[in-house]
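Peer 1: Quick one: the structure is below, questions incoming.
Number of protein chains: 2
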Amino acid sequence: MQWYLVAALLTGILTTLSQSNGKYKYDYATIPFLAELFKLSFSSFFLWKECQSSSPPRMTKEWRSIRLYLVPSVIYLIHNNVQFATLTYVDPSTYQIMGNLKIVTTGILFRLVLKRKLSNLQWMAVVLLAVGTTTSQVKGCGDAPCDSLFSAPFQGYMLGILSACLSALAGVYTEYLMKKNNDSLYWQNVQLYTFGVIFNMGWLIYGDFKAGFERGPWWQRLFNGYSITTWMVVFNLGSTGLLVSWLMKYSDNIVKVYSTSMAMLLTMVLSVYLFNVRATLQLFLGIVICIISLQMYFMPVNMLVELPQALPVTSK
Amino acid sequence: MQWYLVAALLTGILTTLSQSNGKYKYDYATIPFLAELFKLSFSSFFLWKECQSSSPPRMTKEWRSIRLYLVPSVIYLIHNNVQFATLTYVDPSTYQIMGNLKIVTTGILFRLVLKRKLSNLQWMAVVLLAVGTTTSQVKGCGDAPCDSLFSAPFQGYMLGILSACLSALAGVYTEYLMKKNNDSLYWQNVQLYTFGVIFNMGWLIYGDFKAGFERGPWWQRLFNGYSITTWMVVFNLGSTGLLVSWLMKYSDNIVKVYSTSMAMLLTMVLSVYLFNVRATLQLFLGIVICIISLQMYFMPVNMLVELPQALPVTSK
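Going down the list, the sequences are from chains A and B.
Throughout the first sequence, residue numbering follows my numbering, covering 1 to 316 in sequence.
Throughout the second sequence, residue numbering follows my numbering, covering 1001 to 1316 in sequence.
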């Protein structure tokens, strides 16, 4: 889990570093495709190694099971489109703040789809996590531009909520897939990322089609403007994805949501030192809220409260 | 407790209403004196009625006990001076934000002086309450003037912390006094407010002395510029004080601190409707945080978490 924190931490920093004068010299749409290719290659290699070992891994090969692994890619495709649509109605900072809703929608789908029960205290913790991350993102005195959060069109908010639901659905469904059976993690990854590569390739082709093939086919443009930092972004995005798979199989979506939020806060703190971003009161408050949320969710109950001592043996 | 909420709610609203063009036409220093006088009269009247009744109230009349009731007035005197001194180093909004520290210092002194134990979860709740109220007060995008919270002189922060400690000490000591014995609440109030009137009168005389008696004695100026609203401010301040006494005897400082915070948030919400103040995201976030804090502190444990069922009878 610590590795996921590091990877998520690097994501924000590397993406900022890879910009030149605030612009991307490379085609940003190529990044997810190459990341999926990297994840697929990585998983294929380790699956092959597992097959060479003395105890071959479990692999469910029926098409009936394999076809389920395209569902996350489909959901992400719809989600990306909803994301673009939302950004036509709201500005990026409003979109970022609405993005915190996916913490709550993940908790809700966690309960509804995966049937994992949360205590009332844990529900409060999940809400607090969303509130804490939002607090750290509140635009402070003097931050420009000063767009109002509450004056976007109604459709913008609806699409934002839909985006949060789709994000959560993708995560929860992936966890369902990974935990469905005892197949090798790498075999499950291979299925997942094969569909990921196919869908991303389709997306690049569609982008060419929409541009009327003016810029030539995507595979010719693929590495245009790539620097060392760009490759690090690809590598980092791929690594983050691999770690998420591992979390989905051996941990759960709530742990992932906490890790992502903590990494986001850490990134903001590091930005104060690395990129001279101004430290704000709301960042400090957000950190305190999220740390308390973390303890509320994960701390054993007997460390939180005084438990009643000698309950009768025959109590229900 | 609900009456305290109403009274505290009215305080902010009435004080704003009593201003004319943002200024006070009356001498604000006369308000606390008249409020103490009101509280003393009120308590004396009801004490007299209690003495007339068939079961006379308990009254501890030894000077050794009575003299303790001047301690809160002394602490408030020092606190007011520290408050003035702090405001020479920091601006009013920074002072308001530091004021939330008294929630935490109250909790600490509650534990140290009154020996009331808080579970870890309740400590988190107290911290969250302070964080929640602070969040609601964060200056948003476009709020002028844009003073930095972090650029005040070091002494300003030290004095702010001292102010929070003194506030907490006064509250905790008052609760200690009120719960020390089973004396009539009104008898305790009479002692408390007699010293309050004396100290406030002394403060007004001192104010005259410092001004070189240029404006004439305070009792001549006492009601200058008083309108109906000003009298409502006096009445409201007095009522709030009386309700705090009741809370100190029959409830505790933590309940008072929660009530004050909730009233403050409600005031801000009402200000959106009454005074056209802009609704902000941080106000909404602050309300959510404080409501969760309230539940964390006061909800019975079995409603918060799943308690383990059949513990052995002989467990320690």
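Heads up, the beta-carbon is just placed ideally off N, CA and C, and yes, glycines get one too.
Here the structure is a predicted model, which means the values were calculated and not measured.
What whole-angstrom Cβ distance do residue 1247 of chain B and residue 1256 of chain B have, given they're in contact under 8 angstroms?
Peer 2: Residue 1247 of chain B sits at position 247 when you count from the first residue of the second sequence. Residue 1256 of chain B sits at position 256 when you count from the first residue of the second sequence. Correct: roughly 5 angstroms between the Cβ atoms.
Peer 1: Residue 1140 of chain B by DSSP, collapsed to three states: which one?
Peer 2: Start at 1 with the first residue of the second sequence, and residue 1140 of chain B comes out as number 140. Residue 1140 of chain B: strand per DSSP, three-state reduction.
Peer 1: Near residue 1245 of chain B, what residues of its chain come up, given a Cβ to Cβ distance below 6 angstroms and the 5 sequence neighbours on each side ignored?
Peer 2: Residue 1245 of chain B sits at position 245 when you count from the first residue of the second sequence. The answer, listed in chain order, is 1189.
Peer 1: Name the residues in the segment 127 to 141 of chain A whose C-beta lies less than 8 angstroms from a C-beta of chain B; which are they?
Peer 2: Under the 8 angstroms Cβ criterion, the segment 127 to 141 of chain A contributes 127, 128, 131, 134, 135, 138, 139, 140, 141.
Peer 1: Which first and last residues belong to the alpha helix (DSSP H) in which residue 1186 of chain B is found?
Peer 2: Within the second sequence, numbered from 1, the residue matching residue 1186 of chain B stands at position 186. Residues 1185 to 1210.
Peer 1: Taking Cβ positions, are residue 1121 of chain B and residue 1103 of chain B nearer each other than 8 angstroms?
Peer 2: Counted from its first residue, the second sequence places residue 1121 of chain B at position 121. Counted from its first residue, the second sequence places residue 1103 of chain B at position 103. For residue 1121 of chain B and residue 1103 of chain B, no; Cβs fall outside 8 angstroms.
Peer 1: Grab the span of the alpha helix (DSSP H) containing residue 61 of chain A for me, first residue to last.
Peer 2: In the first sequence, the residue the question calls residue 61 of chain A occupies position 61. Where residue 61 of chain A is concerned, there is no enclosing alpha helix (DSSP H), given that its DSSP letter is neither H nor E.
Peer 1: Do residue 57 of chain A and residue 187 of chain A count as a contact pair if the criterion is CB distance below 8 angstroms?
Peer 2: As a first step, residue 187 of chain A is located in the first sequence; it is residue number 187 there, counting from the start. As a first step, residue 57 of chain A is located in the first sequence; it is residue number 57 there, counting from the start. In contact: residue 187 of chain A and residue 57 of chain A (Cβ atoms closer than 8 angstroms).
Peer 1: Under 8 angstroms, Cβ to Cβ, is there at least one residue of chain B near residue 305 of chain A?
Peer 2: In the first sequence, the residue the question calls residue 305 of chain A occupies position 305. Closer than 8 angstroms to some Cβ of chain B, the Cβ of residue 305 of chain A qualifies, so yes.
Peer 1: Which residues in chain B sit within 7 angstroms of residue 285 of chain A, going by Cβ to Cβ distance?
Peer 2: Mapped onto the first sequence, residue 285 of chain A falls at position 285. In chain order: 1131, 1134, 1135.
Peer 1: Residue 59 of chain A versus chain B: which residues are under 9 angstroms apart at the beta carbon?
Peer 2: The count along the first sequence starts at 1 and reaches residue 59 of chain A at position 59. Neighbours of residue 59 of chain A on chain B: none; closest Cβ ~38 angstroms, over 9 angstroms.
Peer 1: Rounded to whole angstroms, what's the CA-CA distance from residue 1304 of chain B to residue 1206 of chain B? Just pull it up for me.
Peer 2: As a first step, residue 1304 of chain B must be located in the second sequence, where it is residue number 304. As a first step, residue 1206 of chain B must be located in the second sequence, where it is residue number 206. So the two alpha carbons sit approximately 53 angstroms from each other.
Peer 1: Taking C-beta pairs closer than 7 angstroms, name the residues in chain B that residue 292 of chain A reaches, listed in chain order.
Peer 2: Along the first sequence, read from residue 1 onward, the residue named residue 292 of chain A stands at position 292. Chain B residues near residue 292 of chain A: 1124, 1127, 1128.
Peer 1: Mapping DSSP to helix, strand and coil, what is residue 316 of chain A?
Peer 2: The residue you call residue 316 of chain A lines up with position 316 of the first sequence. Unreliable placement is indicated for residue 316 of chain A, whose pLDDT of 47 sits below 50; no coordinate value is reported for it.
Peer 1: Which of the three DSSP states, helix, strand or coil, is assigned to residue 248 of chain A?
Peer 2: If you number the first sequence from 1, residue 248 of chain A lands on position 248. DSSP places residue 248 of chain A in helix when its eight states are reduced to three.
Peer 1: Please name the residue in B:1180, B:1027, B:1203, B:1263 whose C-alpha comes closest to that of residue 1286 of chain B.
Peer 2: In the second sequence, the residue the question calls residue 1286 of chain B occupies position 286. The shortest C-alpha separation from residue 1286 of chain B is found at B:1263.
Peer 1: Give the interface partners of residue 301 of chain A over in chain B, defined as CB-CB distance under 7 angstroms, in chain order.
Peer 2: Position 301 of the first sequence, counted from the start, is the residue given in the question as residue 301 of chain A. By Cβ distance, chain B contributes 1305.
Peer 1: Counting only C-beta atoms, is residue 1289 of chain B closer than 8 angstroms to chain A at any point?
Peer 2: Locating residue 1289 of chain B in the second sequence gives position 289, counting from the first residue. Closer than 8 angstroms: yes.
Peer 1: Express the C-alpha separation of residue 208 of chain A and residue 26 of chain A in angstroms, rounding to a whole number.
Peer 2: Position 26 of the first sequence holds residue 26 of chain A. Position 208 of the first sequence holds residue 208 of chain A. Taking the straight line joining both Cα atoms gives about 15 angstroms.
Peer 1: Please compile the residues from chain B whose C-beta is within a distance smaller than 7 angstroms of the C-beta of residue 149 of chain A.
Peer 2: Position 149 of the first sequence holds residue 149 of chain A. The contacting residues are 1281.
Peer 1: Could you pull out every residue in the same chain whose Cβ sits closer than 6 angstroms to the Cβ of residue 315 of chain A, ignoring the five residues on either side in sequence?
Peer 2: By one-based count along the first sequence, residue 315 of chain A stands at place 315. A caution first: residue 315 of chain A carries a pLDDT of 48, below 50, which makes its placement in the model unreliable, though a value can still be read off. Nothing listed; no residue qualifies.
Peer 1: Could you run through the segment 110 to 123 of chain A and flag, in chain order, every residue whose CB is less than 7 angstroms away from some CB of chain B?
Peer 2: Of all residues in the segment 110 to 123 of chain A, 119, 120, 121 have a Cβ within less than 7 angstroms of some Cβ in chain B.
Peer 1: Starting from residue 1278 of chain B, follow the alpha helix (DSSP H) in both directions and report where the run begins and ends.
Peer 2: Taking the first residue of the second sequence as 1, we reach residue 1278 of chain B at position 278. Counting along the chain, residue 1278 of chain B falls outside any alpha helix (DSSP H), and DSSP gives it neither H nor E.
Peer 1: Mind checking if residue 96 of chain A is an interface residue toward chain B, Cβ cutoff 8 angstroms exclusive?
Peer 2: Within the first sequence, residue 96 of chain A is the residue found at index 96, counting from 1. False, the Cβ-Cβ gap to chain B never drops below 8 angstroms.
Peer 1: Within 8 angstroms, do at least three Cβ pairs link the segment 26 to 36 of chain A to the segment 215 to 230 of chain A?
Peer 2: Because the criterion of three Cβ pairs below 8 angstroms is met, the segment 215 to 230 of chain A and the segment 26 to 36 of chain A touch.
Peer 1: Can you look up residue 178 of chain A in the DSSP assignment and give me helix, strand or coil?
Peer 2: Within the first sequence, numbered from 1, the residue matching residue 178 of chain A stands at position 178. DSSP places residue 178 of chain A in helix when its eight states are reduced to three.
Peer 1: Applying the criterion that 16 or more other CB atoms from any shown protein chain within 10 Å of the CB defines a buried residue, is residue 1092 of chain B buried or exposed?
Peer 2: Along the second sequence, one-based indexing puts residue 1092 of chain B at 92. It counts as exposed.
Peer 1: What does a CB cutoff of less than 7 angstroms around residue 127 of chain A pick up in its chain, not counting 5 residues either side in sequence?
Peer 2: In the first sequence, counting from the first residue as 1, residue 127 of chain A sits at position 127. Closer than 7 angstroms at the Cβ level, and outside the excluded window around residue 127 of chain A, lie 104.
Peer 1: CB-CB under 6 angstroms to residue 1196 of chain B, same chain, minus the five flanking residues each way: which ones, in chain order?
Peer 2: For this step, residue 1196 of chain B is matched to residue 196 along the second sequence. So the qualifying residues of the chain are 1036, 1073.
Peer 1: In angstroms, rounded to a whole number, what distance separates the CA positions of residue 1064 of chain B and residue 1177 of chain B?
Peer 2: On the second sequence, position 64 is the one that residue 1064 of chain B refers to. On the second sequence, position 177 is the one that residue 1177 of chain B refers to. Each residue's Cα considered, the two are about 13 angstroms apart.
Peer 1: In angstroms, rounded to a whole number, what distance separates the CA positions of residue 268 of chain A and residue 1289 of chain B?
Peer 2: Here residue 268 of chain A refers to the residue found at position 268 of the first sequence. Here residue 1289 of chain B refers to the residue found at position 289 of the second sequence. Whole-angstrom Cα-Cα distance: 22 angstroms.
Peer 1: So the alpha helix (DSSP H) residue 105 of chain A belongs to, where does it begin and stop?
Peer 2: Start at 1 with the first residue of the first sequence, and residue 105 of chain A comes out as number 105. Here the alpha helix (DSSP H) through residue 105 of chain A covers 101 to 112.
Peer 1: Is there a C-beta anywhere in chain A that falls below 8 angstroms from the one on residue 1002 of chain B?
Peer 2: Translated into the one-based positions of the second sequence, residue 1002 of chain B becomes position 2. Cβ-Cβ to chain A under 8 angstroms: no for residue 1002 of chain B.
Peer 1: Determine which residues of the segment 1195 to 1208 of chain B have a Cβ less than 7 angstroms from any Cβ of chain A, and write them out in chain order.
Peer 2: Hits within the stretch: zero.
Peer 1: State buried or exposed for residue 173 of chain A, treating a residue as buried only when at least 16 other CB atoms are found within 10 Å of its CB.
Peer 2: Start at 1 with the first residue of the first sequence, and residue 173 of chain A comes out as number 173. Result: buried.
Peer 1: Hey, residue 296 of chain A and residue 124 of chain A: beta-carbon distance below 8 angstroms or not?
Peer 2: In the first sequence, counting from the first residue as 1, residue 296 of chain A sits at position 296. In the first sequence, counting from the first residue as 1, residue 124 of chain A sits at position 124. Yes.
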